[in-house]
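The structure under discussion appears below in the form of structure tokens.
2 protein chains.
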Amino acid sequence: MDEPDTEWGTAEGRAMIRLLWDPPPPPARGPRQRLTLDQVVSGAIEVASQQGVDELSMRKVAQHLGVGAMSLYTYVPGKEELFELMIDRAWAGRALPDRTLPWRAQVEFHAREAWAMYQANPWLIRSNLWRMPLGPHVLDAQEDLYRAVLLTGLPATTVARVAGLVEAHVFGAARSAVTDTSVSARTGVTQDDYWESRQSFWGTYYTPERFPAMTHIWEQGGFDEEYSDAAWEFGLRLLLDGVERMADGER
Amino acid sequence: MDEPDTEWGTAEGRAMIRLLWDPPPPPARGPRQRLTLDQVVSGAIEVASQQGVDELSMRKVAQHLGVGAMSLYTYVPGKEELFELMIDRAWAGRALPDRTLPWRAQVEFHAREAWAMYQANPWLIRSNLWRMPLGPHVLDAQEDLYRAVLLTGLPATTVARVAGLVEAHVFGAARSAVTDTSVSARTGVTQDDYWESRQSFWGTYYTPERFPAMTHIWEQGGFDEEYSDAAWEFGLRLLLDGVERMADGER
DNA sequence: ACTCACTTCGTACGGTGTACCGTATCGGAC
DNA sequence: GTCCGATACGGTACACCGTACGAAGTGAGT
Chain A
1 MDEPDTEWGT
11 AEGRAMIRLL
21 WDPPPPPARG
31 PRQRLTLDQV
41 VSGAIEVASQ
51 QGVDELSMRK
61 VAQHLGVGAM
71 SLYTYVPGKE
81 ELFELMIDRA
91 WAGRALPDRT
101 LPWRAQVEFH
111 AREAWAMYQA
121 NPWLIRSNLW
131 RMPLGPHVLD
141 AQEDLYRAVL
151 LTGLPATTVA
161 RVAGLVEAHV
171 FGAARSAVTD
181 TSVSARTGVT
191 QDDYWESRQS
201 FWGTYYTPER
211 FPAMTHIWEQ
221 GGFDEEYSDA
231 AWEFGLRLLL
241 DGVERMADGE
251 R
Chain B
1 MDEPDTEWGT
11 AEGRAMIRLL
21 WDPPPPPARG
31 PRQRLTLDQV
41 VSGAIEVASQ
51 QGVDELSMRK
61 VAQHLGVGAM
71 SLYTYVPGKE
81 ELFELMIDRA
91 WAGRALPDRT
101 LPWRAQVEFH
111 AREAWAMYQA
121 NPWLIRSNLW
131 RMPLGPHVLD
141 AQEDLYRAVL
151 LTGLPATTVA
161 RVAGLVEAHV
171 FGAARSAVTD
181 TSVSARTGVT
191 QDDYWESRQS
201 FWGTYYTPER
211 FPAMTHIWEQ
221 GGFDEEYSDA
231 AWEFGLRLLL
241 DGVERMADGE
251 R
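So the protein sequences, as listed, match chains A and B. Heads up: the first sequence at position 65 corresponds to 65 in full-length UniProt numbering, and the numbers run straight through without jumps. Heads up: the second sequence at position 161 corresponds to 161 in full-length UniProt numbering, and the numbers run straight through without jumps.
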């Protein structure tokens, strides 16, 4: 009789999948739409980029696009779905490596593309926390990464793990690198201001006796270049060196 | 004259640091407090654990503790600060490794403790996105990890990178592993229901022709054990193998 | 006994996502 | 050309959020 309206059942799931994979047919029979789905997604991304993902709201997206808030719901079932579309759009920008390159160069290309994607779309960092959306561009990129890792000749289980490691590593590095700047953009507080606001800690509670290792690394300049390009590529190299060794041992 | 009330300046920063590091003196001169700061933090963690971090609200925490919503603000400046206290509390549960063990065993111990922490507190996954709080328990654990990695004898910059890699890797693995279950707990939709709701995708848009690599890995059972303990320990091993080789080459 | 710092919490404000529904707009059928 | 009905638009409303404000009650110090 009265079915629950918030169910995630097959109905909503199917609607989302269609939205991602099928171009929505331009509806005949009614007044013409003022916008396109693409414009809505782009507008949302612009709002998220300019004001930060925390400030993203349906009302703000609508205002940015010059329509009423509720009008968005004719393009998109809800905010969550809009977010999935935004994610897939971001992944659409990822280029694929030249298939004639050796596997390692291809994987490194993928990693650099992922890094660039997170740099260009910091709001992504706050997303993939949920499930990765089953969007076409997401899957195409992942498929190609799996293809590249398969070139190693390693067993399937290992390939799945390695591909996951590469994606997770880049994501983790991007998260750390982007966090500071995005927080700054959101609150208008610069990184220096933040540290200054917390400096009472350094003078009061931080003592070299309690934190000798950190103090030592600090004095050696070990924290100076934290999360530059060099830092995350160092991790990638470490990772791929291990994979390469496994692959060599395999054959 | 009218100073901005939302400033993050030294005032608020100092208050937060004191809240984290100094036990709040039991206030004389007024009616006795009904709760303690510890109880507030514990209550918030219970709400986050039971209902999911998205459902965490000051009103719900207050109700859970049997007090009015606004009463919480006598213990804590705001929600953000409460969250930092929750994070530090979670880190407080991390045990430290036996210092007589070799460095690798110590680092692995740290990694396993981190994994256990994320398993026990899935709401953490949605947190560290901002800056890591400067809480005493967070810093004590990190200090000890740096100490353990320093035992390798590697240069300071490398030590900083390796420690970051280990933490980031465990976090990434935990994020992927925990996501499914936490979404289930939040929405009451099981993982199977979710996949069923999206199954129109598998029948309609997923074709082996478009995704040959994924299909191949799937057929080989490569995705079966995704994000079990074995999966993330595989990544850790790969990582530490590389570190070990660097350390050996060093001396 | 008085003072007054302090806790508690009801009320309220501006924000959110979005359900509901009246109104305007058009394509297709006649 | 006229009308029907599906559709887009968007105002209003509801439940919820974080939290500012202030009134009322409490209890130690004087």
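All C-beta atoms in this analysis are idealised placements derived from N, C-alpha and C, irrespective of residue type, glycine included.
Whole-angstrom C-beta distance between residue j and residue i, which should lie under 8 Å
i, j, result
"L35/A", "L65/A", "6 Å"
"I125/B", "R89/B", "Actually they are not in contact, since the Cβ atoms of I125/B and R89/B sit about 16 Å apart, beyond 8 Å."
"R59/B", "A69/B", "5 Å"
"L85/A", "L150/A", "In fact, because the Cβ distance is near 30 Å, the residues do not count as touching under 8 Å."
"A160/B", "I87/A", "Between I87/A and A160/B the Cβ distance is about 31 Å, and since that is not below 8 Å, they are no contact."
"A163/B", "Y146/B", "5 Å"
"V40/B", "Y75/B", "5 Å"
Contact test: residue i Cβ vs the ligand PLP heavy atom, cutoff 7 Å
i, result
"W91/B", "Among the components modelled here there is no ligand, and therefore nothing to report on the ligand PLP."
Any C-beta of chain B under 8 Å from that of residue i
i, result
"I45/A", "no"
"S176/A", "yes"
"S184/A", "Any reading at S184/A is ruled out, since the residue's pLDDT is 49, under 50, leaving its predicted position unreliable."
"Q106/A", "no"
"L56/A", "no"
"G135/A", "no"
"Y205/A", "yes"
"Q119/A", "no"
"L19/A", "no"
"G235/A", "yes"
"E143/A", "yes"
"G172/A", "yes"
"L238/A", "yes"
"E244/A", "no"
CA nearest to the CA of residue i, picked from the options
i, options, result
"P97/B", "W91/B, P136/B, F109/B and M86/B", "F109/B"
"E233/A", "T158/B, D22/B and A62/B", "T158/B"
"F201/A", "G203/B, P133/B and Q39/B", "P133/B"
"R210/B", "P155/A, A247/A and E143/A", "E143/A"
"V243/A", "V166/A, D224/A, A177/A and W218/A", "V166/A"
"A173/A", "L85/A, I45/A and A111/A", "A111/A"
"A120/B", "W103/B, A92/B and G135/B", "A92/B"
"L139/B", "A213/A, V61/A, V40/A and T74/A", "A213/A"
"G43/B", "I17/B, F83/B, P23/B and P31/B", "F83/B"
"M117/B", "W103/B, P102/B and A141/B", "A141/B"
8 Å Cβ cutoff, residue i in contact with chain A
i, result
"D241/B", "yes"
"F211/B", "yes"
"R147/B", "yes"
"T152/B", "no"
"T100/B", "no"
"W139/B", "A small fix is needed here, since residue 139/B is Leu in this sequence, not Trp. So yes, L139/B belongs to the interface."
"L201/B", "It is Phe, not Leu, that sits at residue 201/B in the sequence shown. Yes, F201/B counts as interfacial toward chain A."
"I217/B", "yes"
"G221/B", "yes"
"M70/B", "no"
"G52/B", "no"
"V124/B", "Before going further, note that residue 124/B is Leu rather than Val in the sequence given. Not one chain A Cβ lies under 8 Å of L124/B."
"E113/B", "no"
Buried or exposed by the 16-neighbour rule on C-beta atoms within 10 Å, applied to residue i
i, result
"T100/A", "exposed"
"G221/A", "exposed"
"T152/A", "buried"
"E80/A", "exposed"
"E219/B", "exposed"
"A148/B", "buried"
"R94/A", "buried"
"A105/A", "exposed"
"P23/B", "exposed"
"A28/A", "exposed"
ask   = What residues in the segment 159-170 of chain A have a beta carbon less than 9 Å from any beta carbon of chain B?
value = For the segment 159-170 of chain A, which is checked against every Cβ of chain B, the residues closer than 9 Å are V159, A160, R161, V162, A163, G164, L165, E167, A168 and H169.
message = To be precise: take each residue of the segment 21-38 of chain B, compare its Cβ to all Cβ atoms of chain A, and keep it if any distance is under 9 Å. Which residues remain?
response = Within the segment 21-38 of chain B, the qualifying residues are W21 and D22.
key: Near-chain A residues of the segment 79-98 of chain B - C-beta to any C-beta below 8 Å   = Residues passing the 8 Å Cβ filter: none.
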